[in-house]
Each structure stands twice: as structure tokens, then as C-alpha cells.
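>
Protein chains: 2
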Amino acid sequence: MATIRLPGLIDPHVHLREPGATHKEDYDSGTAAALAGGFTCVLDMPNNTPPITTAETLAAKQAAARLKARCDYGIHLGAGTDNIESAAWLAPQVTGLKMYLDQTFGPLRLDDLDSLIQHMDRWPDNRPVLCHAEGRTVAACIMAGHLTGKHVHICHVSRKDEIDLIRRAKDKGIQVTCEVTPHHFFLSEEDAPKIGPGRSEVRPRLAKGTDRSALRASLEVIDCFATDHAPHTLAEKDSPKPPPGFPGLETALPLYLELVREGLITIEGLIDRAVNNPRRIFDLPVQPETWIEVDEDADWIVRGAETFTRCKWTPFEGWTLRGRVLRVVLRGTEVYRNGEVLAAPGFGRDVRM
Amino acid sequence: MATIRLPGLIDPHVHLREPGATHKEDYDSGTAAALAGGFTCVLDMPNNTPPITTAETLAAKQAAARLKARCDYGIHLGAGTDNIESAAWLAPQVTGLKMYLDQTFGPLRLDDLDSLIQHMDRWPDNRPVLCHAEGRTVAACIMAGHLTGKHVHICHVSRKDEIDLIRRAKDKGIQVTCEVTPHHFFLSEEDAPKIGPGRSEVRPRLAKGTDRSALRASLEVIDCFATDHAPHTLAEKDSPKPPPGFPGLETALPLYLELVREGLITIEGLIDRAVNNPRRIFDLPVQPETWIEVDEDADWIVRGAETFTRCKWTPFEGWTLRGRVLRVVLRGTEVYRNGEVLAAPGFGRDVRM
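Residue numbers (my numbering), protein chains in the order written: chain Y, 1 to 353; chain V, 1001 to 1353.
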């Protein structure tokens, strides 16, 4: 057994479903899943019910998180058509402004050019604007960020044309960062039948094998790994209208380690993408005395029933993964050991408080 | 009566409907309308039936134009998913590559980022790529042009957010040009009921009064005037599924002159946008011994029944316009005088031959 010690992982993109859908996840279960997966800090998305776009909805979410979170966390604010004037005032309390510009889960959407530009113009230059953008919308977001002087972060890049465009923008000196999910590194549309028609629904969709290969060949362009942990219950996923989204926190690290074993990145490259770059991009405080211990040789079979996420399933069901989190220490306190989450709800801290 | 002499006007954006829809216009009737409106050169769009995307369809269109055109003309090539490999080979024969990136008339469409980038990568740097792009797609096109080193020309800009974005891109030194139609300078959605529900359909749609005002306040950003002359028969326009588009060639100049009378541009500014800039952007040859004579004080009432366009209607029906073309001389030959088109079909020359 080879135990390695890594910094606590940071996931810049999770959906902990609170408020509004705590039957599938909440700050308690979601942060337990995070610790079990080796994540000591997660940044939570705002497409809740109600969406997190105002001081009131943000305060309610902060209160729930303060009571229930077991690991540290940040909250991304949503960009709606209703908060163009007010969003920037909330910037000090959040880790970024999230724009939903293409089809996904929930009603939080920004459709027109005008509201996109107005939001960017008002948002502070030193805080990122996270964009759910696919295809041509990626190009539009990069241009909008370039013209307004904002740091645009493209979420969950899934396709060859998108990562190629981001590479070219970076080569031209344009400020843009991006993230890729484990499922887009390891799954393609060919895996959908095995996962199941409803369960395989995710946005951005599982792409072609050539897209997956292109992402794997573009690691130097990819700033962050992000799970886009998006739990839905199996009943919902197997229904006639399955909502898009996969849980991901508890299967991410062994998949990231697989990229190292395949020689695509070094372990330092992994730490950059799962710790250092998210910390820098989202201006997160260092977590002192924080690390994880991982048995990098341990093979284990993924079983949704054994996970901490409330949704209790995973698109990687039955996969044999290599690398298992043994122990997590957060701010000097042992918070996870051998399958048991030791941190109590409320132990986690808001990175902006 | 004050007669002024102007250079022959150049319209970079017309739909002469040949081949495929010659019941509403063809090279004969469309170029007669052009001469009657003071245009000595028109650049024709490729969304025909079949679309002009191949050597064969281009040759057929060239043959029809050669036989029938009464004024000089250029042909824009269409960017389809079927001609990514071959379009650039046809560049020397055409005046630009037209991309239909948002909803409009006809099946010629380019939907994904990949084909947009691939077309731009292959297209010659010194030939413009014309984009039908609205809203966020404008931003995407400007970024795609910036990254591929191409000259992007945004067609028929209709909204405040779009012209503001183009201004900011130009201010940042990004290569982009644009055009605005007379109908977007002079009509807004408030005019639609009077024009009629089907007849007022146009893409981009008639916009808000604030958009129209923004275009009028942005003339320094607008490189070209373009009619987007897009005839459909009244039977089609008044049908349950009215196709979008207005004829425009025979009403454009008095509306351009109105912008001068309103003090928004000088007469030199008009000539830049209706002659010099289109010639430079689309690399058109100078037309020697070519001018038009205009009675700038003549008031006349617009009557669709009296127009040369085959569609025989206009959204400006009943308007009193000031400024009338008296005489057009093209390459030393009188081609129009006092309501009579004197040039025969076949007199017009292809600017690329």
C-alpha cells in the first residue's frame, strides 16, 4: 500500500441542492460526500429554488450552509435578468458570478447579449464570471469578458471545438480560464446506453469519443478539474423527463489519478488543477493544516448504495477505480477516516466570512 | 430644384432571388430596381434554391447574372456544412463568404462552433466573412474572426446592444466592420401594425425605438449602409406563414439623404457608407465614368405598384420621401433616366470577372 499525502482538494463547481431540493442533497450530505472524496472546499452553484440572485436568497443559503456544512465552502451568485443592478453589491460575499447561457437544469437563464454585457460591466474586475456556455456561446463569453475586462471562467468544457477555441484565445493573450469534469474525461456518448437513457442525461451532454480524446490531449489548456456534482434521485433520473446531472464528488479523485497514471499529467499537475488553480482563480484562503491521505494503489468497486451523497447512485456504478481516500484533515481536525465522516454539520466555514 | 451628383451607390447586401424564386425577383428585375434606386453595383446573397455553396451552383448563378444583370454585381458565397473543404477555392470568384448563424429565410445555416471556425480558418485573410448574427452571436463572430485573423463583417445590425458591442470591439483594435439597413434606421416594432403582420416580418426583426435611436447615434461605428433588399410577393407576405424580408433598393437613397438632412452625417459620410467603404471592404473595382444625378429636393410618394422590383410592394408604402434619382450613368453609358431603365439585361458586369 502506497499512501500519498495531497492538499485538500477544491471543487469549484458543485450543486448541493439547498434550498429547494434537499430530498436529493443538502449541505450536510453534500459536504459529507465532499470529504469522503477528498475535497475540503467546494464552491456551490446558485441554480436553486429559488435561485440565489438576491441578498435575501443568498442570506438564506448562507444560513443553511453555516448550520450544516461539514467542509469549507463558497457560494457562487447567479446572474439573472432581475439582479443586473444589484449583483455586484454581493460580490464580496461570494466566489463568483454564474451565468447560465445555454440549456441546463432549472429556470436561471440569461438569454440576451444586453444582460450578459451589463452584468459583466458591473461585476468587479477581480472576481471571476463563470459561464455555462457551449459551442458558439463560449466564443461570445470570451469576447464579452475581453471587452469588459472581466475574468471569464468557462465551466465544464466538453468538446474539441470549445477547448481548441479556448487554447487559441489563451495563445492570443486573452484572459480566460476553464474547467473540465471527470465524466467528460472518462465517458462519451457511447457509454450512454450502459448508464441508461435517463441516468446518462447531463449538460453539457456526453460528447463524442473524439471530444473526450481532445480534452485529454489539452490538459495544458485546462486550468481546473470540477466535478459538476449534480445529484438527482434515481426516481427522477429514471422518470420520463429525467433531469440532467451526475453526482461526482466521491469518484473524482481516483479518475484524476488515472490521468496521472496514463501519463497525461504529473501529480503536481493534478494538484494545480484540483487545488492551486481553483484557489488562485476564485481567490480562496489557504486552509491551514489541511491535507488528505490517499492509498493510491487501492482498487475498489464503485457502488452508489455506499456513497454519502443523498442520491445514492453514480454513472460509474460497478467501475473498478484505483485510489481511495483514507483520511482527511481540515484545519488541524481529522474530519474523515476510513469510510467515516467525522466532521459534524456546521464545522465547515464560508470562505468569504 | 437642386440636382446633386453622387458616385454610383454600392449595396453590399441584396437578395435577387435567382435561382429558385424568380417569381419574386431575378437579376433582370432586381438590377433594374437597383439602377432606379441609384445603385450601380449590388452584392448578391447566396441563400437561393439551391444555396450557392459549390462551384456548380456558383457557375449557374454567374451564368444567369451575366445574361440578365443591368448593373454591375458581385456574388457572395454561402458557408454550409457541405463546403467547409471547398469554399476557399471559390474565393477569387466571389465578394465574400456569407454565414447564416441565426434564424432567417431559407435552409442555408451554420449552427455549430466547429464549422464556423473551420470555415474561417480556411477562408483567405483578405476577403471578408459576412455574418448574419444577432445578439450573443455577434460577440461569437467577432471573437472567431479575431482568433482566426479574418475580417468579419456583421450584416444588418439592428439593436443597441449589438452596435455597442461592435463599438467596443473597434475601440479595442479588433478588426470588424458592420452595416445597417434603411428600415432599421427608420422603422421600429411600433410601425409593424401599420405595415401589417405578415408584411412587417423581417430578420433581424424591427426592433425597439431605443434600438433605432441607438443606431442613429452610432453612425461613426457603422461602416456601410445596406438595403438587405429581400423581395417576397404580397401573396407570400400576406399568407399564414409570411417569409421575412423587405424590398429596399428603390427607397434607400432618400432615406440615407434624410440622415444627412437630420444632421446625423454629412453628405461625405453618406458617400463613405454607400460607396467608399463597401468598395474598400469588399475590394471592388472603381467603376469609371459612373455617377448618379439626384434631385435632392424632390418629394415623392412611395407606391409599390410603381417600383421595378418584381414584388411590387414596399414597407414604406405611402411615405413621402425627399430626393429622387434623375439619371444614372454607368461606365460612360446612360443606364437610367427619369423613371426609365435604359441598360439592357447583360449590360452589368461581374466585379470578379
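Glycine included, each C-beta is placed from N, C-alpha and C at the ideal position. In this text the structure is predicted, and so the values were computed from the model without any measurement.
May I have the straight-line CA-CA distance separating Val328(Y) from Asp295(Y), to the nearest angstrom?
Indexing the first sequence from 1 puts residue 328(Y) at position 328. Indexing the first sequence from 1 puts residue 295(Y) at position 295. Spanning the two alpha carbons is a distance of roughly 12 Å.
> Could you tell me the boundaries of the alpha helix (DSSP H) in which Lys1160(V) lies?
As a position in the second sequence, residue 1160(V) is number 160, starting the count at 1. Taken as a continuous stretch (DSSP letters only), the alpha helix (DSSP H) holding Lys1160(V) covers Lys1160 to Asp1171.
> Quick one: which residues of the region 1137-1153 of chain V get their C-beta closer than 9 Å to a C-beta of chain Y? List them in chain order.
Thr1137, Val1138, Ala1139, Ala1140, Cys1141, Ile1142, Met1143, Ala1144, His1146, Leu1147 and Thr1148
> Compute the beta-carbon to beta-carbon distance between Thr1227(V) and Phe1316(V), rounded to the nearest angstrom, for a pair I have assumed lies under 8 Å.
The count along the second sequence starts at 1 and reaches residue 1227(V) at position 227. The count along the second sequence starts at 1 and reaches residue 1316(V) at position 316. Not really, about 12 Å apart at Cβ, beyond 8 Å.
> Could you tell me which chain V residues have their CB closer than 7 Å to the CB of Arg168(Y), listed as they occur along the chain?
Here residue 168(Y) corresponds to residue number 168 of the first sequence, with the count starting at 1. Within 7 Å Cβ-Cβ: Leu1147.
> Put Met1099(V) into one of helix, strand or coil per three-state DSSP.
To locate residue 1099(V), count along the second sequence from 1; it is residue 99. It is a strand residue.
> For the beta strand (DSSP E) holding Pro12(Y), just list the boundary residues, first then last.
Walking along the first sequence from the start, residue 12(Y) turns up at place 12. From DSSP, the beta strand (DSSP E) with Pro12(Y) extends over Leu9 to Val14.
> Answer yes or no: do Thr1366(V) and His1153(V) have a C-beta to C-beta separation smaller than 8 Å?
For residue 1366(V) there is no data in the structure shown, the boundaries of chain V being 1001 and 1353.
> DSSP state of Gly323(Y), grouped into three classes?
Locating residue 323(Y) in the first sequence gives position 323, counting from the first residue. In the structure shown, Gly323(Y) sits in a strand (DSSP, three-state: E or B).
> Taking the beta carbon of His184(Y) as the centre, do at least 16 other beta carbons fall within 10 Å, making it buried, or is it exposed?
In the first sequence, counting from the first residue as 1, residue 184(Y) sits at position 184. So His184(Y) ends up on the buried side.
> Run through DSSP, which three-state label would Gly38(Y) get?
For the purposes of this step, residue 38(Y) is taken as residue 38 along the first sequence, with counting starting at 1. If DSSP states are grouped into helix, strand and coil, Gly38(Y) belongs with coil.
> Going straight from the alpha carbon of Leu326(Y) to that of Thr210(Y), what length do you get?
Position 326 of the first sequence, counted from the first residue, corresponds to residue 326(Y). Position 210 of the first sequence, counted from the first residue, corresponds to residue 210(Y). So the two alpha carbons sit approximately 35 Å from each other.
> Interface residues of chain V around Asp112(Y) at Cβ under 8 Å?
Translated into positions along the first sequence, residue 112(Y) becomes position 112. Under the 8 Å cutoff, chain V gives Gly1135, Arg1136 and Asp1161.
> Please look up how many angstroms separate the CB atoms of Pro12(Y) and Glu220(Y), rounded, as I've assumed it's under 8 Å.
Residue numbering aside, residue 12(Y) sits at position 12 when the first sequence is read from its first letter. Residue numbering aside, residue 220(Y) sits at position 220 when the first sequence is read from its first letter. Not a contact, Cβ separation roughly 19 Å.
> Leu116(Y) CB to nearest chain V CB: under 8 Å?
Numbered from its first residue, the first sequence carries residue 116(Y) at position 116. Closer than 8 Å: yes.
> Quick one: list the residues of chain Y neighbouring Leu1165(V), beta-carbon separation under 9 Å, in chain order.
Position 165 of the second sequence, counting from 1, holds the residue named residue 1165(V). Ordered by position in chain Y, the residues that pass the 9 Å Cβ test against Leu1165(V) are Leu113, Ile117, Met143, Ala144 and Leu147.
> Contact between the region 1023-1040 of chain V and the region 94-104 of chain Y is defined here as three or more beta-carbon pairs at a separation below 8 Å; is this criterion met?
no
> Among Ala230(Y), Glu189(Y) and Gly74(Y), which has the Cα closest to the Cα of Gly248(Y)?
Here residue 248(Y) refers to the residue found at position 248 of the first sequence. Residue Ala230(Y) is the option with its Cα nearest to Gly248(Y).
> Would the beta-carbon of Ala36(Y) fall within 8 Å of that of Phe308(Y)?
Your numbering for residue 36(Y) matches position 36 in the first sequence. Your numbering for residue 308(Y) matches position 308 in the first sequence. Taking 8 Å as the Cβ cut-off, Ala36(Y) and Phe308(Y) qualify as a contacting pair.
> Within 8 Å (strictly less), CB to CB, does Lys1408(V) reach chain Y?
No answer is possible for residue 1408(V): the residues shown for chain V start at 1001 and end at 1353.
> With a CB to CB cut of under 7 Å and the five nearest residues on each side skipped, what residues in its chain are close to Arg1167(V)?
Translated into positions along the second sequence, residue 1167(V) becomes position 167. The answer, listed in chain order, is Ser1218 and Val1221.
> What residue range does the beta strand (DSSP E) around Ala60(Y) cover?
The residue labelled residue 60(Y) in the question sits at position 60 within the first sequence. Looking at the DSSP string, Ala60(Y) is not in any beta strand (DSSP E); the run it does join, the alpha helix (DSSP H), is Ala55 to Lys68.
> Put Asp272(Y) into one of helix, strand or coil per three-state DSSP.
In the first sequence, the residue the question calls residue 272(Y) occupies position 272. The answer is helix: DSSP assigns Asp272(Y) an H, G or I state.
> Throw me the rounded Cβ distance for the Trp291(Y) and Pro7(Y) pair, which I believe falls under 8 Å.
Counting from 1 along the first sequence, the entry for residue 291(Y) is found at position 291. Counting from 1 along the first sequence, the entry for residue 7(Y) is found at position 7. That pair is a contact at about 6 Å.
> Taking DSSP as the reference, what is the three-state secondary structure of Thr1148(V)?
Taking the second sequence and counting its residues from 1, the one referred to as residue 1148(V) is at position 148. Three-state result, Thr1148(V): helix.
> Report the rounded CA-to-CA distance for Asp82(Y) versus Thr53(Y), giving the unit in angstroms.
As a first step, residue 82(Y) must be located in the first sequence, where it is residue number 82. As a first step, residue 53(Y) must be located in the first sequence, where it is residue number 53. Roughly 8 Å between the two C-alpha positions.
> If you draw a straight line from the alpha carbon of Arg1261(V) to that of Leu1270(V), how long is it in whole angstroms?
Reading the second sequence from its first residue, position 261 is the one you call residue 1261(V). Reading the second sequence from its first residue, position 270 is the one you call residue 1270(V). Cα to Cα, the separation comes out at about 11 Å.
> Assuming Val1302(V) and Ala1032(V) are in contact, meaning their beta carbons sit under 8 Å apart, how far apart are those beta carbons, in whole angstroms?
What you label residue 1302(V) is simply residue 302 of the second sequence in a count that begins at 1. What you label residue 1032(V) is simply residue 32 of the second sequence in a count that begins at 1. The Cβ separation is near 17 Å, so there is no contact.
> On the three-state DSSP scale, how would you describe Cys141(Y)?
Here residue 141(Y) refers to the residue found at position 141 of the first sequence. DSSP places Cys141(Y) in helix when its eight states are reduced to three.
> Which residue from Arg5(Y), Thr3(Y) and Leu16(Y) puts its Cα closest to that of Phe356(Y)?
Nothing in the structure corresponds to residue 356(Y), since chain Y is present only between 1 and 353.
> Report the residue ranges of all alpha helix (DSSP H) runs contained in full by the region 1206-1286 of chain V; include only those spanning at least 4 residues, in chain order.
1209-1216, 1234-1237, 1252-1261, 1267-1271 and 1277-1281
> Where does Trp123(Y) land, buried or exposed, given buried means 16+ other C-beta within 10 angstroms?
Counted from its first residue, the first sequence places residue 123(Y) at position 123. Trp123(Y) should be labelled buried.
> What residue does the alpha helix (DSSP H) around Arg337(Y) start on, and which one ends it?
On the first sequence, position 337 is the one that residue 337(Y) refers to. Arg337(Y) -> not in any alpha helix (DSSP H); beta strand (DSSP E) instead, spanning Thr333 to Arg337.
> In chain order, which continuous runs of the beta strand (DSSP E) of length 3 or greater are located wholly inside the region 1086-1134 of chain V?
1096-1100 and 1129-1132
> List the endpoints of the continuous alpha helix (DSSP H) containing Ile195(Y).
By one-based count along the first sequence, residue 195(Y) stands at place 195. Segment Ala192 to Ile195, the alpha helix (DSSP H) holding Ile195(Y).
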